Amino acid sequence: MRFLAIACAGFAAIATAASISGAKASVTELVPLRNITINNVQYGLICNTEQLNPADTQRCVDLLEGRGMCFVAREQSAHFCEWGSVKISGRVFTQFGAQGQDMTTRCPYVAHTVDVINQNCGGSGGSLGVAGSEVPIDIVAHVSGHWV
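As structure tokens, then:
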């Protein structure tokens, strides 16, 4: 499922605590809600000034749509996809600037976010929060020529 504009997003997210079997760390999952407009105030769309191939970004969107979960370890960069000159990465972001918790979300949500970046920024690359402003913590997807 792919959407073409931020205003048509139609999903938001809430944080729910989940534990990983056999692990001591707590992971927060971003879960979709329906019929809620995202205004992306927390980490809104930022377009970069790179010269990337939008077709390479679209290839990553297609690949991410078919994957299960996308995991981001606290204070680390998650490398979601690399195709041609494009690298799709993710980082945990909170409104307080702290990155002290691991997070996971479904890769199709990351794909949707990357598609919004691609549709609005084209070959410039950019970044956008996956959940938007509905929760105080988010995964930010980055489209760039380097790992963020």
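Position in the sequence shown (first residue = 1) + 1282 = the working numbering. Backbone N, C-alpha and C define an ideal beta-carbon position, used for all residues, glycine too. Being a predicted model, the structure only gives us computed values, none of them experimental.
- The beta carbon of Asp1420 sits closer than 7 Å to the beta carbons of Gln1324, Tyr1325, Phe1375, Gly1411, Val1412 and Ala1413 from its chain, once the five residues preceding and following it are set aside; these are given in chain order.
- Taking the Cα positions, Gln1340 is about 29 Å away from Pro1418.
- For Ala1393, the secondary structure class from DSSP, reduced to helix, strand or coil, is helix.
- With respect to Arg1356, Met1385 sits close: the two C-beta atoms are nearer than 9 Å.
- Relative to the Cα of Gln1333, the nearest Cα in the group Gln1401, Cys1389, Ile1399 and Val1368 belongs to Val1368.
- Non-local C-beta neighbours of Val1396 in its own chain, meaning closer than 7 Å and more than five positions away in sequence, comprise Thr1339, Cys1342, Val1343, Leu1346, Ile1370, Ala1423 and Val1425, ordered along the chain.
- By DSSP's assignment, Ile1370 forms a beta bridge with Cys1363 and Val1425.
- For Thr1339, the secondary structure class from DSSP, reduced to helix, strand or coil, is helix.
- In this structure, the alpha-carbon of Leu1327 lies about 23 Å from that of Met1351.
- For the pair Trp1429 and Trp1365, the Cα-to-Cα distance works out to about 12 Å.
- Secondary structure note for Thr1387: its beta strand (DSSP E) is the uninterrupted segment Asp1384 to Arg1388.
- Where Val1354 is concerned, the enclosing beta strand (DSSP E) starts and stops at Met1351 to Val1354.
- Per the C-alpha coordinates, the member of Gly1404, Ser1409, Tyr1391 and Pro1336 positioned closest to Phe1353 is Tyr1391.
- By the criterion of a C-beta distance shorter than 8 Å, Pro1336 is surrounded in its chain by Asn1400, Gly1404 and Gly1405, once the five residues flanking it on both sides are discounted.
- Secondary structure of Gly1348 (DSSP, three-state): coil.
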